[in-house]
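Asks: Quick one: structure below, then a few questions.
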Amino acid sequence: MSRKEIIVIGGGPAGLMAAEMLSQRGHGVTVYDGMPTVGRKFLLAGKSGLNITHAEDYARFATRFGPASERLRAALDAFRPDDICAWAAGLGTETFVGSSGRVFPKAMKASPLLRAWLGRLEGQGVRILTRHRWVGFAEDRLVFMTPQGREVVRGDAILLALGGASWPRLGSDAAWVPWLRDRGVEVRDLRPANCGFDVGWSENFREHFAGAPVKSVTAASDAGTFQGEFVITRNGIEGSLVYAHTASLRDRLEREGRGLLELDLAPGRTLERLSRDLARFGAKASFSSRLRKGAGLEGIKTALLREAAPDVTKADPERLAWTIKALPLVVLRPRPIVKAISSAGGICWSGIDEDYMLKALPGVFAAGEMLDWEAPTGGYLLTACLATARAAARGIDSWLRR
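The numbers in UniProt numbering rise by one with no breaks, and the one at position 61 of the sequence shown is 61.
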């Protein structure tokens with residue numbers, strides 16, 4: 001087979017991984033990215049410790065992608081968490097497993113890994129053109145706006161890896177949605193994922209507790225029950241424990257206009273023990289004292305209890321204990337998608353074949369967050385982006401050879 005020229009649009013992890021694999025197979029690859037540098041969201045994610053993947057049991061890991069889990073399974077099977085660690089080690093990045101099961105680079109930063117990765121791509125002959133923003137199609141060609149003006153290009157195959165709609169200032173602005181829809185590609189509306197939620201805090205609570213962490217609690221929704229922590233914000237709540245419930249809360253809000261997160265503020269105590277401990281203190285004890293001595297609650301947890309269930313201050317021990325164990329926190333709406341860590345929705349699975357090619361656009365493939373899947377934080381997002389990129393690269397290679 002003569003050398004083929006492949007265009008990759010998007011210089012995030014999915015685009016770079018596809019470029020790596022395709023160039024290894026002898027193809028000419030040019031990566032186009034609209035930003036001044038590639039991997040900007042990848043670098044931002046790595047500022048506080050890059051979750052490169054997750055070390056939980058793989059059978060459980062593979063179910064973390066919601067309704068898309070089954071469709072993603074073949075791609076994930078071909079590039080599992082252990083494979084990602086080995087790939088990173090090949091770039092000089094050793095990893096370790098944190099207490100939560102999340103896998104991090106030992107350097108706790110994304111920049112060394114990205115530098116080594118770009119060096120490998122350069123050595124394999126991959127061209128990277130930054131400040132080349134894709135602005136749509138011109139018949140069977142692609143149109144880019146560049147520092148030199150409008151440029152029309154054509155490739156033997158095209159991979160779209162443009163991301164979703166979160167953090168648009170880093171390059172993922174979903175401008176591609178109408179262009180693909182105009183070409184007959186079905187795209188589900190993009191929605192926020194791994195995001196915070198607005199809560200109707202009182203002004204007093206907002207002023208005193210915005211920024212306060214709520215630690216060692218469990219939260220329950222239709223998604224299940226998880227333990228962790230979250231943060232009070234001026235608008236509502238955010239943090240890893242909240243993100244675990246994003247899809248459930250968002251979908252219920254869309255269906256019913258109401259979302260509810262049920263908090264257990266004392267997960268280490270049973271309801272029976274809590275009732276018994278609270279009953280030891282008579283009516284003369286203040287509410288704060290009863291909570292501190294009888295339930296081990298103070299500070300933000302006491303304030304949150306007062307805020308979400310104001311009439312509980314006069315409750316008997318049994319009802320107070322029940323409220324502590326199942327505090328209903330009403331959420332009003334998800335935060336805007338531009339503030340979300342990731343997005344849900346995207347190119348429908350019915351519109352792509354097993355090789356990740358768009359059925360409506362032969363020779364055009366897609367990978368990463370452009371596809372209709374979502375996952376919690378903790379390494380799942382990056383793993384699926386890399387895995388689908390490799391699956392699409394294999395599909396491109398196979399299609400070109402056919």
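Glycine included, every Cβ here is placed at the ideal spot set by N, Cα and C.
1) Indicate whether Trp-373 and Phe-65 have their beta-carbon atoms separated by less than 9 Å.
2) Helix, strand or coil: how does DSSP classify residue 412 here?
3) Name the two residues that bound the continuous alpha helix (DSSP H) containing Lys-301.
4) Please report how far the alpha carbon of Gln-124 lies from the alpha carbon of Leu-16, in whole angstroms.
5) Cβ of Leu-304 within 9 Å of Cβ of Leu-274?
6) Nearest-angstrom Cα distance between Lys-339 and Lys-359?
7) Three-state secondary structure (DSSP) at Ile-347?
8) Looking at the structure shown, is Phe-209 part of a helix, part of a strand, or coil, going by DSSP?
9) Compute the distance between the beta-carbons of Ala-367 and Tyr-380, then report whether it is under 9 Å.
10) Let's see if you can read the secondary structure: which residues bound the beta strand (DSSP E) around Ile-7?
11) For residue 438, which of helix, strand or coil comes out of DSSP?
12) Would you grab the beta carbon distance between Ile-158 and Ile-7 for me? Rounded to a whole angstrom, and I think it's under 8 Å.
13) In terms of alpha-carbon separation, which member of Trp-322, Ala-308, Glu-307 lies closest to Ala-295?
14) What is the DSSP secondary structure of Asp-82, reduced to helix, strand or coil?
15) Curious, which full-length beta strand (DSSP E) runs of at least 3 residues does the region 147-203 contain?
16) In or out: Lys-4 buried (at least 16 other Cβ within 10 Å) or exposed?
17) Starting from Trp-134, follow the beta strand (DSSP E) in both directions and report where the run begins and ends.
Replies: Taking the geometry as given:
1) Counting from one through the sequence shown, the residue named residue 373 turns up at place 373. Counting from one through the sequence shown, the residue named residue 65 turns up at place 65. Remark: C-beta atoms of Trp-373 and Phe-65 approach each other more closely than 9 Å.
2) No answer is possible for residue 412: the residues shown for the chain start at 1 and end at 402.
3) In the sequence shown, the residue the question calls residue 301 occupies position 301. Residues 300-308.
4) Counting from 1 along the sequence shown, the entry for residue 124 is found at position 124. Counting from 1 along the sequence shown, the entry for residue 16 is found at position 16. Taking the straight line joining both Cα atoms gives about 12 Å.
5) The count along the sequence shown starts at 1 and reaches residue 304 at position 304. The count along the sequence shown starts at 1 and reaches residue 274 at position 274. Not a contact, by the Cβ cut-off of 9 Å.
6) Position 339 of the sequence shown, counting from 1, holds the residue named residue 339. Position 359 of the sequence shown, counting from 1, holds the residue named residue 359. In a straight line, the C-alpha of Lys-339 is about 32 Å away from that of Lys-359.
7) Position 347 of the sequence shown, counting from 1, holds the residue named residue 347. Strand.
8) By one-based count along the sequence shown, residue 209 stands at place 209. Residue state, collapsed to three classes: helix.
9) If you number the sequence shown from 1, residue 367 lands on position 367. If you number the sequence shown from 1, residue 380 lands on position 380. Their beta carbons are not under 9 Å apart, which means Ala-367 does not touch Tyr-380 by this criterion.
10) Within the sequence shown, residue 7 is the residue found at index 7, counting from 1. Segment 5-9, the beta strand (DSSP E) holding Ile-7.
11) In the structure as shown, the chain starts at 1 and stops at 402, and residue 438 therefore has no counterpart that could be examined.
12) The residue labelled residue 158 in the question sits at position 158 within the sequence shown. The residue labelled residue 7 in the question sits at position 7 within the sequence shown. That pair is a contact at about 5 Å.
13) Within the sequence shown, the letter at position 295 stands for residue 295. For Ala-295, the nearest C-alpha among the options comes from Trp-322.
14) As a working note, residue 82 is residue 82 in the sequence shown. Helix.
15) Entirely contained in the region 147-203, the beta strand (DSSP E) runs reaching 3 residues are, in chain order, 149-153, 157-160, 187-193.
16) Taking the sequence shown and counting its residues from 1, the one referred to as residue 4 is at position 4. That one is buried.
17) Locating residue 134 in the sequence shown gives position 134, counting from the first residue. According to the DSSP assignment, Trp-134 belongs to the beta strand (DSSP E) that extends over 133-138.
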